[in-house]
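Remarks on the structure that follows.
Protein chains: 2
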Amino acid sequence: MSKCEQCIVRQLNSLKTLTKEELSHLTSCKGDQIFKKGERIFEEGEHLKGVYCIKSGVCKLVKLSANGKDQIVKLTTKGDLLGERSTLSNEPTNLSAVAVTDMEVCFIPQVEIINAVSTNANFTIDMFKSMGKSIRHSDDLLVNMSQKTMKARLAATLLMLEDDFGKESDGSLSLVLTREEVAGIVGTATESVIRLLSQFGKDKIIKLDGKHISILDYDMLRMVSDGLD
Amino acid sequence: MSKCEQCIVRQLNSLKTLTKEELSHLTSCKGDQIFKKGERIFEEGEHLKGVYCIKSGVCKLVKLSANGKDQIVKLTTKGDLLGERSTLSNEPTNLSAVAVTDMEVCFIPQVEIINAVSTNANFTIDMFKSMGKSIRHSDDLLVNMSQKTMKARLAATLLMLEDDFGKESDGSLSLVLTREEVAGIVGTATESVIRLLSQFGKDKIIKLDGKHISILDYDMLRMVSDGLD
DNA sequence: AAAAAAACATGACAATTATCATTGTATCAA
DNA sequence: TTGATACAATGATAATTGTCATGTTTTTTT
């Protein structure tokens with residue numbers, strides 16, 4: 001069981017505003033957990049008993065749509081908190097969390113969060129900021145999804161994947177997803193993703209090597225993303 | 001200048017948690033404003049100096065997409081607060097607010113809100129709840145927009161319009177929008193909305209009388225909304 | 001009331017996207 | 001190493017949706 005005081009990940013989220021005392025207390029009551037790729041951290045509709053702080057790995061937040069397909073609403077990674085709002089507002093989650101890669105997470109019980117909110121104004125303000133950011137992100141995504149063609153959405157998704165998760169030394173996107181998962185982000189059929197990706201490949205905008213994707217022409221990809229191609 | 005203590009609208013949002021003292025102070029520093037249909041309350045990118053509390057009328061929150069079309073992200077009405085998150089996190093808005101009908105609003109300066117958050121725990125918790133609701137709403141909408149066909153999206157929009165704004169004594173939707181505005185919600189071309197609406201009309205799912213729309217067959221509309229038609 | 005502007009409607013056609021079917025190719029466990 | 005299983009690729013076809021053009025109706029302005 002690692003100590004919160006020494007945890008670097010904490011610097012990436014609202015927990016950074018906690019005092020030394022609060023942190024040492026937190027160490028004593030948090031739980032450490034491992035989730036293997038594909039395992040579910042929590043399920044849509046579940047009542048969460050606290051928040052999860054991601055120490056490593058990538059997690060997808062998904063929602064089952066009426067047609068039975070999983071829509072990936074958000075990808076989260078090191079430093080992100082899961083289930084903040086359900087924990088704060090004491091309501092069931094509207095999303096399921098599934099490990100995209102193996103993950104290490106810390107579980108922080110609800111009381112601790114509620115406590116921090118009621119005694120630490122900095123924590124509260126930081127939570128407001130983080131929720132505000134989350135809403136802004138949703139709004140932007142909504143406009144993208146509503147107004148863009150599938151091609152533009154896919155281009156935007158590739159750019160987002162590199163922005164948020166970086167690339168390997170060979171230039172390929174660090175986060176490796178199946179075509180089906182990409183389709184879950186874009187909101188289209190898997191076949192459409194395959195076709196569009198190979199089209200991008202033929203157009204030399206990206207390079208495909210199995211599941212490994214490298215962006216070659218950023219300007220062009222941005223143009224496509226804005227529907228200006 | 002009306003008094004906050006006697007304002008009924010306040011009961012509908014986080015301001016209901018304020019104490020008598022806080023309310024009487026608020027009365028002295030708030031401002032009353034009128035916006036005519038089509039006028040803009042604030043603009044995307046603007047730095048807000050407080051929040052707006054809607055006393056009457058309907059407002060659309062829009063975002064200009066890369067292709068130049070306005071996407072309506074949300075419709076707000078009596079009791080809703082505008083600009084809460086920008087005000088709290090002190091960042092520019094990501095959306096523009098435009099009056100859909102004539103509106104009466106109260107303007108509450110930023111300091112008052114910040115003050116309320118730092119001194120009134122009930123207010124803080126209520127704000128968290130309201131922001132949580134907002135995120136959940138965005139997530140749901142995102143899944144709808146990403147996964148559904150235009151027909152299903154339009155059906156969902158009609159149901160939403162009746163849920164959120166009610167209907168007149170003749171059964172028609174109380175909120176009257178142009179086809180272009182509906183297209184801005186659905187995220188499609190105006191012509192497509194016109195065609196789909198008249199198709200719904202032919203199928204006896206709705207009744208069209210100019211801009212006035214009545215839902216006739218709720219079950220069928222829900223089926224269409226779920227893509228089960 | 002007339003003129004102008006905005007909103008609505010429809011046809012024709014092209015482009016995009018979904019769906020179904022089939023085959024090839026990795027990947028993993030026994 | 002060999003099946004088994006998941007993943008990727010591609011073709012054919014139908015359905016959906018966007019775009020442009022044109023005309024009508026409604027609303028607003030003068």
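As they're listed, the protein sequences go chains P and U.
Start counting the first sequence at 1; every next residue gets the next number (the working numbering).
Start counting the second sequence at 1; every next residue gets the next number (the working numbering).
For each residue, glycine too, the CB sits at the ideal point set by N, CA and C.
Predicted model only: the values in this text are computed from it and were never measured.
| Item | Value |
| --- | --- |
| So P:V105 is in the beta strand (DSSP E); what residue range does that whole segment cover? | 103 to 109 |
| To be precise: take each residue of the segment 116 to 132 of chain U, compare its Cβ to all Cβ atoms of chain P, and keep it if any distance is under 8 angstroms. Which residues remain? | V117, S118, A121, T124, I125, M127, F128, K129, M131, G132 |
| Residue range of the beta strand (DSSP E) that U:C59 falls in? | 59 to 64 |
| Cα-Cα, which of U:S134, U:S65, U:C53 is closest to U:K30? | U:C53 |
| If I measure Cβ to Cβ from P:N144 and keep anything under 6 angstroms in the same chain, skipping five residues before and after, which residues do I get? | A156 |
| Output needed for U:E46: all residues of its chain with C-beta closer than 7 angstroms, excluding positions within five of it in sequence on either side, in chain order. | P92, T93 |
| Please list the partners that U:Q71 has in chain P, where partner means a Cβ-to-Cβ separation under 8 angstroms. | L142, V143, S146, Q147 |
| Can you check whether the CB of U:V58 is closer than 8 angstroms to the CB of U:V73? | no |
| Exposed or buried, P:K60, counting other C-beta atoms within 10 Å across all chains shown (16 or more means buried)? | buried |
| How many whole angstroms separate the CB atoms of U:L208 and U:S198, which I take to be in contact at a CB cut-off of 8 angstroms? | 7 angstroms |
| Spell out whether any CB of chain P is found under 8 angstroms from the CB atom of U:R222. | no |
| Check whether the Cβ atoms of P:G231 and P:Q71 lie closer than 8 angstroms to each other. | Because chain P in this structure spans residues 1 to 229, residue 231 of chain P falls outside the shown range and cannot be described. |
| So which residues on chain P does U:I312 lean against when the C-beta distance must stay under 9 angstroms? | What is shown of chain U runs 1 to 229, which leaves residue 312 of chain U out entirely. |
| Leaving out five residues before and five after P:K36 in sequence, what residues of the same chain have Cβ atoms less than 7 angstroms from its Cβ? | A99, D102 |
| Between P:V51 and P:L82, is the Cβ-Cβ spacing less than 8 angstroms? | yes |
| So which of U:S138, U:T87, U:N122 has the shortest CA-CA distance to U:I108? | U:T87 |
| Can the beta-carbon of P:I34 be found less than 8 angstroms from the beta-carbon of P:E104? | yes |
| What does U:G227 reach in chain P if we use C-beta pairs closer than 8 angstroms? | A66, N67 |
| Name the chain U residues that come within less than 7 angstroms of P:G299, Cβ to Cβ? | Residue numbering for chain P in the displayed model covers 1 to 229; residue 299 of chain P lies beyond these limits and cannot be assessed. |
| Can you say whether P:Q147 is buried or exposed, counting buried as having 16 or more other CB atoms within 10 angstroms of its CB? | buried |
| On a Cα-Cα basis, can you pick out the residue from P:L12, P:S225, P:H212, P:M150 that is closest to P:D80? | P:L12 |
| In or out: P:I8 buried (at least 16 other Cβ within 10 Å) or exposed? | exposed |
| Within 10 angstroms of the Cβ of P:D32, are there 16 or more other Cβ atoms? Answer buried if so, exposed if not. | exposed |
| Going by C-alpha to C-alpha distance, which of P:L177, P:G38, P:S172, P:G132 sits closest to P:I213? | P:S172 |
| Please go through the same chain and pick out, in chain order, the residues whose beta-carbon is closer than 6 angstroms to the beta-carbon of U:T17, but skip the five residues on each side of it. | N122, F123, D126 |
| Could you tell me whether the Cβ atoms of U:L175 and U:R222 are closer together than 8 angstroms? | no |
| Nearest by alpha-carbon distance to P:I41: which of P:C106, P:K69, P:E21, P:L26 is it? | P:C106 |
| By alpha-carbon positions, which one of U:I215, U:A97, U:R179, U:D203 ends up nearest to U:E168? | U:I215 |
| Between P:E91 and chain U, is the shortest Cβ-Cβ distance under 8 angstroms, so that the two count as touching? | yes |
| Can you name the residues that DSSP bridges to P:R40? | P:V98 |
| What first and last residue would you give for the alpha helix (DSSP H) that runs through U:L313? | No information on residue 313 of chain U is available, as it lies outside the stretch 1 to 229 that chain U covers here. |
| Comparing the C-beta of U:K63 with each C-beta of chain P, is any distance below 8 angstroms? | yes |
| For U:L15 and chain P, any beta-carbon pair shorter than 8 angstroms? | no |
| For the putative contact between U:M131 and P:I135, defined by C-beta atoms under 8 angstroms, what is the C-beta separation to the nearest angstrom? | 7 angstroms |
| Short check: CB of P:V182 to CB of P:R153, under 8 angstroms? | no |
| Taking the CB atoms as reference points, tell me whether P:G227 and U:N67 lie closer together than 8 angstroms. | yes |
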